[in-house]
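Here is the structure we will look at, set down as structure tokens.
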């Protein structure tokens with residue numbers, strides 16, 4: 010039996026967020042995650058992920074963001 | 021929702037159909053290992069969720085492929101699980117029939133796409149406590165444990181979101197244009213880093229977009245150092261270019277690169293080729309054919325002009341022939357006028373001819389222009405390269421040593437591309453000639469389609485030559501690109517313009533560098549998103565597993581603990597951050613000191629107890645439409661004290677309203693459960709054997725009838741027994757009479773009956789059919805009259821002790837009559853009463 014002592018929780022403090030209830034549905038989870046995001050690019054990615062309900066949606070939005078940067082005049 | 025009845029057919033360990041009734045409060049199933057016990061809990065799981073936790077958590081799904089179907093179950097029949105559930109007073113039959121790897125669902129016989137409570141299935145805790153799942157949960161690798169805890173807490177969607185976004189943030193997909201831009205700028209930065217005087221610029225670029233202003237200032241500072249003083253910013257690039265060109269022109273003035281066709285360029289050229297072919301082979305040919313048809317109009321048009329002049333002259337001298345000046349008869353004058361009028365009627369045809377001619381002229385003019393544009397698109401990029409043919413001696417002088425191979429590449433490309441372009445030009449000349457032929461023939465009276473066909477043939481050959489040029493360019497483009505760069509390096513080396521060239525490239529690619537750094541910023545930002553998502557998921561999980569849930573788990577855990585247990589125990593939950601993300605940590609303590617983790621410190625029996633407590637706490641804490649709880653083989657590696665403790669927990673679950681279905685391999689422990697929960701009068705099944713048809717299931721008495729008679733007598737003789745105890749004696753009477761009736765039926769008729777399904781009328785019928793004397797039957801029925809009245813009595817009702825004594829005597833008489841009948845029948849059928857005595 011090991012008696013080595015554990016360190017306490019190492020959760021990053023971060024900004025306070027309204028956590029969804031334990032059995033919230035995907036949409037509620039993502040809305041809470043979105044509400045805790047300050048970065049507009051991340052918000053776009055998360056919204057696309059929410060809307061499409063697939064990671065492909067997030068990937069497509071990310072590609073669009075990068076293409077906009079490449080095509081920027 | 022409670023369970024009423026389960027029927028399995030061809031599913032897992034069940035081949036022939038088996039049904040079991042589920043008691044409203046507590047049902048016990050005892051069976052040795054490998055006798056189909058777990059197939060029962062799996063049947064419920066599969067019916068509700070479409071899979072079993074065994075299969076869902078298996079490392080190899082292949083090993084479980086097609087395992088739902090019993091190996092002995094005959095094709096083409098389909099395995100099925102049927103469960104009758106009760107919600108309030110409504111009973112519903114749920115039937116799942118295995119179809120391929122899916123199930124066809126029926127509710128009261130009607131096919132449905134999902135269960136009516138599908139939403140609750142997703143949200144509510146799973147009403148199962150399964151030994152194999154508990155072990156998997158606690159002993160799983162940390163990453164799996166996180167996911168399995170999440171599943172237990174109903175967080176599948178959270179883990180999916182976590183998994184999706186972690187994967188996305190770790191490897192985001194980049195569009196090709198961005199990849200090419202990144203490669204271009206990164207290669208420039210490598211060259212800068214290798215140039216000692218420009219290395220600080222490379223360092224500044226690497227610091228990112230926020231450093232862009234400083235980077236620009238640094239580039240300008242270096243550029244200025246190479247130009248006369250006071251050159252304005254706007255003229256830095258042109259100044260550097262001028263200086264570089266002056267220096268390099270003395271060494272070599274030209275280029276050997278030929279850019280490859282980009283995919284969008286290829287598309288445009290391909291479409292233009294198709295359009296040109298359609299224009300000539302369809303549109304132009306159609307117009308030429310129309311022109312041929314209209315050929316007669318040429319003569320009509322000329323005649324019309326001729327007679328129009330005649331009519332005009334006749335107006336001035338009506339008696340003189342306008343064509344020969346002789347005297348004109350009235351008839352001749354009328355002929356001229358009539359012929360003119362007649363020709364005017366055909367004017368429409370001549371107009372159509374003119375329109376066709378104009379349309380063809382426009383089309384051919386457009387064709388000529390498009391042929392020129394096509395040439396430019398395909399071959400103009402070769403001009404610089406082909407010009408370099410004249411400078412081969414210079415190239416030989418510059419590309420020496422290791423660069424000699426590039427010279428070979430250039431020479432080969434010059435040869436092949438040069439030949440292809442020459443051929444393309446030659447075909448172009450032929451096409452031009454064919455085009456001119458068609459254009460010049462348009463005003464002639466007779467036009468055949470031959471010249472149109474010649475034009476089409478020439479165009480096909482011309483386009484084929486164009487495709488050859490494209491092909492050889494594609495073949496040599498990348499080799500020439502390398503050779504060109506080597507040549508530039510060589511030229512810069514000889515001309516001393518390496519630094520100035522890099523500065524020019526920096527100034528020319530200023531916007532590209534900025535975009536590259538912005539893209540890097542967005543990609544770097546995904547690391548922040550990844551951390552945010554991970555932190556968010558950890559917070560939710562921690563909130564879910566700590567607080568009330570942890571307290572609940574601790575409360576249940578304390579109830580399983582025994583006084584003699586060493587003080588090494590579960591101490592709550594925590595989340596631990598690792599490189600892969602958050603992990604659920606199960607804490608433990610030993611005599612007040614925190615241990616590394618429960619998994620490494622607690623014994624298997626304590627881990628088992630902890631798993632049970634987590635499942636129980638979640639099932640009682642979370643709202644659920646399921647009032648039942650299926651507990652499969654909960655006690656493993658436990659000592660007797662802990663087993664007894666857990667019986668108290670089962671009692672409490674039932675008393676708190678849970679309908680419990682408990683399965684165990686431990687028959688002795690099940691006997692103790694019945695003994696400690698005797699007043700529940702639940703159902704007790706024993707799996708007594710197993711064949712290729714499936715398990716042999718027997719319904720056995722919850723409490724032996726003789727033991728019940730002893731209990732009744734003890735209550736009657738206990739003068740201190742209160743109303744509650746006396747009412748218990750009445751209930752025991754009902755149970756024992758039912759049991760004796762069923763035992764009688766089995767010994768006389770040879771078929772078992774379930775005591776729980778009897779009522780007074782059915783019981784009377786059995787007694788009479790099995791030849792119990794009518795007088796005794798009537799006495800038994802008198803007991804039921806009292807018991808039925810008692811059943812509907814007010815809460816303060818007090819049973820009559822004297823009557824109870826009398827009824828006890830009747831029950832004893834019935835027991836003796838049943839035993840006598842059994843002997844009389846000389847039946848050696850296994851009677852449950854004697855088997856479990």
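Chains as they are written, first to last, in my numbering: chain P, 10 to 82; chain U, 21 to 857.
C-beta: ideal position from N, C-alpha, C; glycine also.
With contacts defined as CB atoms closer than 7 Å, residue 615 of chain U and residue 623 of chain U fail to qualify as a contacting pair. Residues of chain U with a Cβ closer than 7 Å to the Cβ of residue 46 of chain P are, in chain order, 552. When only Cα atoms are considered, residue 535 of chain U and residue 559 of chain U end up about 36 Å apart. Residue 119 of chain U and residue 130 of chain U have their C-alpha atoms spaced approximately 16 Å apart. Contact residues of the segment 53-81 of chain P toward chain U are 54, 55, 58, 63, 64, 67, 68, 69, 71, 72, 73, 74, 75, 76, 78, 79, 80, 81 (C-beta to C-beta distance below 9 Å). Of the candidates U:660, U:557, U:744, U:781, the residue whose Cα lies closest to the Cα of residue 37 of chain P is U:557. Just so you know, the alpha carbons of residue 450 of chain U and residue 478 of chain U end up roughly 7 Å apart.
Of all residues in the segment 268-292 of chain U, none is placed with a Cβ closer than 7 Å to any Cβ belonging to chain P. Within the same chain, and ignoring the five residues on either side of residue 520 of chain U in sequence, the residues whose Cβ sits closer than 7 Å to its Cβ are 246, 260, 263, 264. 177, 178, 180, 181, 184, 185, 187, 188, 192, 193, 194, 195, 197, 198: these are the residues of the segment 177-198 of chain U whose beta carbon lies less than 8 Å from some beta carbon of chain P, given in chain order.
The CB of residue 539 of chain U comes closer than 8 Å to the CB of 75, 78, 79 in chain P, given here in chain order. Closest by C-alpha distance to residue 798 of chain U, out of U:771, U:116, U:582, U:827, is U:827. Here the segment 638-653 of chain U makes contact with the segment 137-157 of chain U; the two share three or more CB pairs at distances below 8 Å. No Cβ-Cβ contact shorter than 7 Å links residue 342 of chain U with residue 358 of chain U. Closest option to residue 739 of chain U, judged by alpha-carbon separation, among U:825, U:36, U:328: U:825.
Here residue 47 of chain P carries a coil assignment [DSSP, helix/strand/coil].
Within a 10 Å sphere around the beta-carbon of residue 788 of chain U sit fewer than 16 other beta-carbons, which makes this residue exposed. When U:544, U:306, U:362, U:631 are compared, the shortest CA-CA separation from residue 576 of chain U is found for U:631.
For the 7 Å CB-CB criterion, residue 722 of chain U and residue 702 of chain U form a contact.
The shortest C-alpha to C-alpha distance from residue 651 of chain U to any of U:25, U:692, U:57 is the one to U:57. Beta bridge pairing from DSSP links residue 28 of chain U with U:38, U:101. With a cutoff of 7 Å on beta-carbon distance, residue 68 of chain P and residue 193 of chain U are scored as near each other.
For residue 123 of chain U, the secondary structure class from DSSP, reduced to helix, strand or coil, is strand. No residue range can be given for residue 63 of chain P, since it is assigned to no beta strand (DSSP E) and is classified by DSSP as neither H nor E. With fewer than 16 neighbouring CB atoms inside 10 Å of its own CB, residue 774 of chain U falls in the exposed class.
If you compare the alpha carbons of U:592, U:23, U:545 with that of residue 566 of chain U, the shortest gap goes to U:592. Counting C-beta pairs with one atom in each stretch, the segment 495-515 of chain U and the segment 266-281 of chain U have three or more that are closer than 8 Å, which means they touch. In this structure residue 289 of chain U is in contact with residue 397 of chain U, their Cβ atoms being roughly 6 Å apart against a cut-off of 8 Å. Under the Cβ criterion (8 Å, minimum of three pairs), the segment 235-249 of chain U does not count as touching the segment 480-488 of chain U. The segment 661-678 of chain U makes no contact with the segment 66-81 of chain P, as fewer than three CB pairs between them are under 8 Å.
Per the coordinates, the alpha-carbon of residue 488 of chain U lies some 13 Å from the alpha-carbon of residue 433 of chain U. Against chain P, the CB of residue 542 of chain U has a partner CB under 7 Å away; the residue lies at that interface. DSSP, read as helix, strand or coil, puts residue 688 of chain U in helix. Interface flag for residue 507 of chain U against chain P is unset, since no Cβ pair is found closer than 7 Å. Boundaries around residue 139 of chain U are those of the alpha helix (DSSP H), 138-143, since no beta strand (DSSP E) includes it. Not a single CB atom of chain P sits nearer than 7 Å to the CB of residue 227 of chain U.
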